[in-house]
Amino acid sequence: EITAGADLTEEQLKSVESAVKVLQSKKCLAIAGDEALLVHYQHIVAKMTDLPVVLSPLLQAPLIASMYSSEEQVLVITADTDTLTTPSLHAILAKVGLSPADCERFLLSGCETCVGFDQSAKTMHAEKASASLTKLVRQAVSANPAIKAVLLETNMVP
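Each step along the sequence shown adds one to the number in full-length UniProt numbering, with nothing skipped, and position 14 is 14.
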């Protein structure tokens, strides 16, 4: 268990090093993660290996931002906007290299009200969740036609 942005304890560092060694021994081609907050540890893991390391989907944000004009926006889907708030999203985006103006182009929407998601149980009913997530995105784009891309931040989406 880690707190976003907090320094890793010695025990946590050893655990990460051990995991990296296991992945290397299995001849992995890359080390990937699926959680926004892991971006805080990207540099630590990258120093432990010669493998490519991509711990957070938000590392894609600079590329996505460069693909669209400064008036166009990106919808970021997260499991729960109580856990990942807009200010924390923008802080992470700044950490991965976006300017303050580009950070503002990234809009946050959560799945906490979507049918099929149960954040407390860390489970999902894939068919219901997929339909509900599609509806969420369509509503967001309908309300804000400047949205041109969707970035899935969470591992809880189908």
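Quick reminder that beta carbons are idealized off the backbone N, C-alpha and C, glycines included.
These numbers come from a predicted model, not from an experiment.
Open item on the list: DSSP three-state label for Ala30, please.
Closed with: In the three-state scheme derived from DSSP, where H, G and I count as helix and E and B as strand, Ala30 is classed as coil.
Task: Residue closest to Ile44, alpha-carbon to alpha-carbon, out of Val20, Asp34, Ser109 - done: Checked all of Val20, Asp34, Ser109; the closest Cα to Ile44 is Val20.
Task: Whole-number beta carbon distance between Leu108 and Thr81, since they are thought to touch under 8 Å - done: With a Cβ gap of about 6 Å, Thr81 and Leu108 count as contacting.
Task: Local conformation of Val96 per DSSP, three classes - done: Three-state DSSP puts Val96 in coil, outside helix and strand.
- [ ] Note the first and the last residue of the continuous beta strand (DSSP E) segment covering Leu151.
- [x] For Leu151, the uninterrupted beta strand (DSSP E) segment begins and ends at 147 to 152.
Open item on the list: For a test of the three-state rule: what should DSSP assign to Ser70, helix, strand or coil?
Closed with: Judged by DSSP in its simplified three-state form, Ser70 adopts coil rather than helix or strand.
Open item on the list: My assumption, with CB atoms under 8 Å, is that Lys148 sits in contact with Glu72. Please give the rounded CB distance.
Closed with: Contact flag correct, Cβ pair sits at about 4 Å.
Open item on the list: I need the straight-line Cα distance from Ile77 to Glu153, nearest angstrom please.
Closed with: Straight across, the Cα-Cα distance linking Ile77 with Glu153 is about 6 Å.
Task: Per-residue DSSP class, three states only, for Leu107 - done: It is a strand residue.
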